[in-house]
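Numbering follows the numbering used here, with no gaps: position 750 of the sequence shown is 750.
Note sheet for the following structure.
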Amino acid sequence: MLLILYIPLILASYLYENSTLVTQTMFYEREDNPMYNLSVLPTYESYNQLDIKIEDLQKRQFYIPSDIEPFKSIYNDIINPIACSHYDYETKIDESPFKFNVIRADTQETMLSLYDIIVSELYSEFTIKIPTKYFFGLGERNQKGFRFKEGIYTLFAKDVPQLLEDGKQPGKGVYSSHPVYLMRERSGKYHVLFFKNSSPMDIIYKDDKLTFKYIGGILQLKLFLGDYDPETAIKLYHSYLGGWALHPFWTMGYHHSRWPIKSSQKLKEYVYKHKEHEIPLDTIWSDIDYMNDRQIFSVDEKRFHKNDFEEIQNQLGVNYIPIIDVAVGVKYGKQDKGFREGINLDIFLRSPNTGQRFRGNVWPGSSYFPDFFHPNCSTYWRTMIKHLYQSTNFSGLWIDMNEPTNFCDGECDIQSGRDKWNATMDYTDINETYKNNHIRFPYIPGVSPLERMTLPPNLFHYGKYLHKDVHNLYGLQESYETYQAQKEIGKPLPFIISRSTFPGSGHFTQHWEGDNEASYTFLYLSVGSTMQFNIFGIPMVGADVCGFLDNTTPKLCARWVQLGSLYPFFRNHNNDRAKDQEFYSLGDDVLLAAKRNIKLRYSIMKWYYSLFLRSNHTGTIFRPVFFEFNDDVNLFKDDVLDTQFLIGDELMAAPILIEGQTIRKAYFPKAYWYHFLSGSRLQNAEDPGQEHFIMCKYTDYVPLYIRGGSIILQQNITQVKTVKDLKNHYYAVIAIGEKDSFGTMIDLDEFSDQKIADKCDQQNCLLNVNFSQQENQAEFTIVRADNGGPAAYPLFINRLKIYGLSPSQTIKCSSHKIVECSYSNENTFPYISNIYLNEGIGLEFGETTGVFKLTLQFS
Numbered sequence: 001m002l003l004i005l006y007i008p009l010i011l012a013s014y015l016y017e018n019s020t021l022v023t024q025t026m027f028y029e030r031e032d033n034p035m036y037n038l039s040v041l042p043t044y045e046s047y048n049q050l051d052i053k054i055e056d057l058q059k060r061q062f063y064i065p066s067d068i069e070p071f072k073s074i075y076n077d078i079i080n081p082i083a084c085s086h087y088d089y090e091t092k093i094d095e096s097p098f099k100f101n102v103i104r105a106d107t108q109e110t111m112l113s114l115y116d117i118i119v120s121e122l123y124s125e126f127t128i129k130i131p132t133k134y135f136f137g138l139g140e141r142n143q144k145g146f147r148f149k150e151g152i153y154t155l156f157a158k159d160v161p162q163l164l165e166d167g168k169q170p171g172k173g174v175y176s177s178h179p180v181y182l183m184r185e186r187s188g189k190y191h192v193l194f195f196k197n198s199s200p201m202d203i204i205y206k207d208d209k210l211t212f213k214y215i216g217g218i219l220q221l222k223l224f225l226g227d228y229d230p231e232t233a234i235k236l237y238h239s240y241l242g243g244w245a246l247h248p249f250w251t252m253g254y255h256h257s258r259w260p261i262k263s264s265q266k267l268k269e270y271v272y273k274h275k276e277h278e279i280p281l282d283t284i285w286s287d288i289d290y291m292n293d294r295q296i297f298s299v300d301e302k303r304f305h306k307n308d309f310e311e312i313q314n315q316l317g318v319n320y321i322p323i324i325d326v327a328v329g330v331k332y333g334k335q336d337k338g339f340r341e342g343i344n345l346d347i348f349l350r351s352p353n354t355g356q357r358f359r360g361n362v363w364p365g366s367s368y369f370p371d372f373f374h375p376n377c378s379t380y381w382r383t384m385i386k387h388l389y390q391s392t393n394f395s396g397l398w399i400d401m402n403e404p405t406n407f408c409d410g411e412c413d414i415q416s417g418r419d420k421w422n423a424t425m426d427y428t429d430i431n432e433t434y435k436n437n438h439i440r441f442p443y444i445p446g447v448s449p450l451e452r453m454t455l456p457p458n459l460f461h462y463g464k465y466l467h468k469d470v471h472n473l474y475g476l477q478e479s480y481e482t483y484q485a486q487k488e489i490g491k492p493l494p495f496i497i498s499r500s501t502f503p504g505s506g507h508f509t510q511h512w513e514g515d516n517e518a519s520y521t522f523l524y525l526s527v528g529s530t531m532q533f534n535i536f537g538i539p540m541v542g543a544d545v546c547g548f549l550d551n552t553t554p555k556l557c558a559r560w561v562q563l564g565s566l567y568p569f570f571r572n573h574n575n576d577r578a579k580d581q582e583f584y585s586l587g588d589d590v591l592l593a594a595k596r597n598i599k600l601r602y603s604i605m606k607w608y609y610s611l612f613l614r615s616n617h618t619g620t621i622f623r624p625v626f627f628e629f630n631d632d633v634n635l636f637k638d639d640v641l642d643t644q645f646l647i648g649d650e651l652m653a654a655p656i657l658i659e660g661q662t663i664r665k666a667y668f669p670k671a672y673w674y675h676f677l678s679g680s681r682l683q684n685a686e687d688p689g690q691e692h693f694i695m696c697k698y699t700d701y702v703p704l705y706i707r708g709g710s711i712i713l714q715q716n717i718t719q720v721k722t723v724k725d726l727k728n729h730y731y732a733v734i735a736i737g738e739k740d741s742f743g744t745m746i747d748l749d750e751f752s753d754q755k756i757a758d759k760c761d762q763q764n765c766l767l768n769v770n771f772s773q774q775e776n777q778a779e780f781t782i783v784r785a786d787n788g789g790p791a792a793y794p795l796f797i798n799r800l801k802i803y804g805l806s807p808s809q810t811i812k813c814s815s816h817k818i819v820e821c822s823y824s825n826e827n828t829f830p831y832i833s834n835i836y837l838n839e840g841i842g843l844e845f846g847e848t849t850g851v852f853k854l855t856l857q858f859s
């Protein structure tokens, strides 16, 4: 029997209990079914953070457990909040019909109205009235468009490659579930709303309403109030999630993968080929072909040799990352260590039909699945990863198929009849209904059967958790155990790329955007997907360059390497049925585009990495342009939202993403803008925002522009093959703006994982770079960000490349020691000044030489 509480139709009374400045508990009484009385608990967690919880008083609904890992490491719920003298929000209850309103205190704008609430064991829903149509998030989806269109959107982690979101049923959500959005209010201020619920759900967007329909868990909303800068609300949300993990510096380099690479000798050949064609390469990857008969944690030692792995990493200087799936094949029984250890520790999930170990089918054939809720699973997973490390000496790990994916729809090889349950857990107090072969849901999110290509919803995990409630947590749990295993191995900055994620995953893992398609559609939508995951709190993210499925084309691949060279995570990967797409295998144009754009990436890589350090574990890196120009309504148009983006607040990119185009229009908001490589100025700060035509051939650098007021320390990368070749020699690109110019750099002598972990916590290894100008004089300084002192390690500056400086006859340079400098104006663009220090040799500075301060006098 389905028991429902439908608040709008109830003449309910509510009582304030435990009422303080920060909490109010309201009990909704229902005479015909007191078992379903609800508590409504708004908690004023801080002046800009509100928690709203509506749950059954008897707590029959699932909630994400806060007392076990990984959840207690990430969700920073405030249990005993301290009353504030002022709150940025007010709450108001409408009694008949029930409506819970949250109002921004200063603007008196209603940020959300919560109403039409249904609560039951197997189906619940609520509706939120939203202030504007400008909200972003609610993923993961392959949607061609960053902004939402009206429709029905399903959040349920599934392995469904090439599925394009159209807002129609059946649901088209893919690998991850992130029930969170960033909202722009009518006033221009922002908030983030997180629905803390892991069950499958549909979200229906129509008019000014979002209706959430879900099949388990409590109704808990976390509201984070920002200001006119979207980053403020996003940083609050990321802080609640524990912040995102910092990745190693070497992972910013170029990654190459291919399914299949059938031997360690072939891996080495790919490395040599990249060196031969002068393409920088930092990491080579293995898909499932390195395994013994596709069995996880095994290595086919006849084809993959440990000494080759050591040669790749030690002699060739390239990192190695293998893939791990989650399903353990049963074919070899206890001859296989992964199977044997799992049986001994009894960590495999059990069938809801027979009580025997649940059998699915994945790459190794008939397979068992680990139960990450089981207390022995930590020991199992970490032991097996250490076992794999002994065989491969991996640099990081790629975890896949962790939605989890199953090639059967639910259980394979179900035994006839119904055996007694023989699981180790005690299920005696679970509602008998759940022991049936199927749960009869009154509503199925996404319409398709919930067991389609995954595990059945009525399967139990340890702790009496139904799979329907924890399915979306599976990838997060695996990420946590994989992270801890790498820590125990001795890796100070674990690197993990996970396909399935959930809010909080970014505390442990990074993400790639799954099995995309070699098409202009997936090239186009990758911009929005990458921005979306930055909002979700996983900024180290990217799509597989040139496409994973189907055959790419030279022109498509050239366009993709232009864009992909600016993704935070930059990898080329394709499948066993597609033709080769190594950049050197697709013709001279693709090779030239790859060499140019990859080397451009390496030239700014230390600056790019400094953005992650500067953000200090919260906030976005790869972001929409409106984040910096919130008042410009033109930036909310789809052609701008979908095809232009910022890296930090310094660089804006406008890649060409449409098949056949070589010229595009791009919109430049009101500011000084310069072409990053040529220095040509597109517009002045006094000019209004305007469109410009941009030409970009397939072999060109990606169209990239630096904002006035920015400084980027760039590097010469002529001889660079890996990030290890990036020495501390720089030239400064200074873009003159309305005010002083500013940038950041990293104060390290080498960029090993251990040095970064030791020196860079809490921004302690950052340098502030400043350029200030008054009339005929300017000062260029570099100081420690934390104490204003000199750099701790020697750096070398040999040139200042100043964009927007008025032409002068001469420039004199002076510093704490004699500085010889030569000066030239480039004829083509008279507002570009090249100042070569010590006649082009350069100027060294650091702890022994004092704060770097260079004075320039113009005449």
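Backbone N, C-alpha and C fix where the C-beta goes; we use that ideal spot for every residue, glycine too.
The Cβ atoms of Gln777 and Gln857 lie closer than 8 Å to each other. DSSP places Gly360 in the strand class (E or B) of the three-state scheme. Bounds of the alpha helix (DSSP H) holding Met531 are 520 to 536. A distance below 8 Å separates the beta carbons of Phe146 and Gly528. If you look at Phe693, you'll find it isn't in any alpha helix (DSSP H); it sits in the beta strand (DSSP E) that goes 690 to 695.
The DSSP-derived three-state label of Phe626 is helix. Separation of the CB atoms of Tyr674 and Ala558 is rounded to 25 Å, and the pair is thereby denied contact status at 8 Å. Under the three-state reduction of DSSP, Ala785 is assigned to coil, being neither helix nor strand.
About 7 Å separates the beta carbon of Gly243 from that of His507, a gap short enough to meet the 8 Å contact definition. Boundaries of the beta strand (DSSP E) harbouring Leu114: 110 to 119, taken from the DSSP string.
The beta carbons of Asp515 and Leu563 sit no closer together than 8 Å. The three-state reading of DSSP puts Trp244 in coil, since its state is none of H, G, I, E or B.
In the DSSP assignment, Gln477 falls within the alpha helix (DSSP H) that extends over 474 to 489. Between Ile694 and Ile663, the C-beta spacing is below 8 Å. Look at Trp512 here: in three-state DSSP terms it is strand. Within the segment 234 to 301, the complete alpha helix (DSSP H) segments of 4 residues or longer fall at 264 to 276, listed in chain order. Contact check for Gly365 and Lys331: beta-carbon distance about 5 Å, within the 8 Å limit, so the pair qualifies.
If you draw a straight line from the Cα of Ser239 to the Cα of Asp413, it is about 45 Å long. Linking Asp346 to Leu748 through their CA atoms gives a straight-line distance of about 47 Å.
Rounded to the nearest angstrom, the gap between the Cα atoms of Tyr836 and Asn76 is 51 Å.
The closest CA to that of Val119, considering only Ile74, Asp56, Arg499, is found on Asp56.
If the five residues before and after Glu488 are omitted, its C-beta is found closer than 8 Å to the C-beta atoms of Arg382, Lys386, all from its own chain and listed in chain order.
If you draw a straight line from the Cα of Leu586 to the Cα of Gln762, it is about 44 Å long.
Minimum Cα-Cα distance from Asn572 among the listed residues Ile658, Lys275, Pro131, Ile284 corresponds to Ile284.
No Cβ-Cβ contact shorter than 8 Å links Val720 with Pro248. Our two residues, Asn101 and Pro179, have alpha carbons roughly 20 Å apart in a direct line. Counting every other CB atom within 10 Å of its CB across the protein chains shown gives Asn80 a total below 16, marking it as exposed. In the structure shown, Gly139 adopts extended strand secondary structure according to DSSP, grouped into three states. Collapsing the DSSP output to three states places Cys821 in a strand. Arg440 counts as exposed, since fewer than 16 other C-beta atoms from the protein chains shown sit within 10 angstroms of its C-beta. Looking at Asn142, Ile218, Leu38, the one whose alpha-carbon comes closest to that of Gln61 is Ile218. At the C-beta level, Leu155 and Ile203 come within 8 Å of one another. Shown here for Phe348: same chain residues with a beta carbon closer than 8 Å to its own, the five before and five after excluded, namely Val328, Gly342, Arg357, Phe358, Tyr368, Phe369, Pro370, Asp371 in chain order.
Residue Ile497 holds the alpha-carbon nearest to the alpha-carbon of Ile324 among His467, Leu163, Lys222, Ile497.
Going by DSSP, Arg499 is part of no beta strand (DSSP E) at all; its letter is neither H nor E. Contact between the segment 612 to 628 and the segment 709 to 726 is absent: fewer than 3 CB-CB pairs across the two stretches fall below 8 Å.
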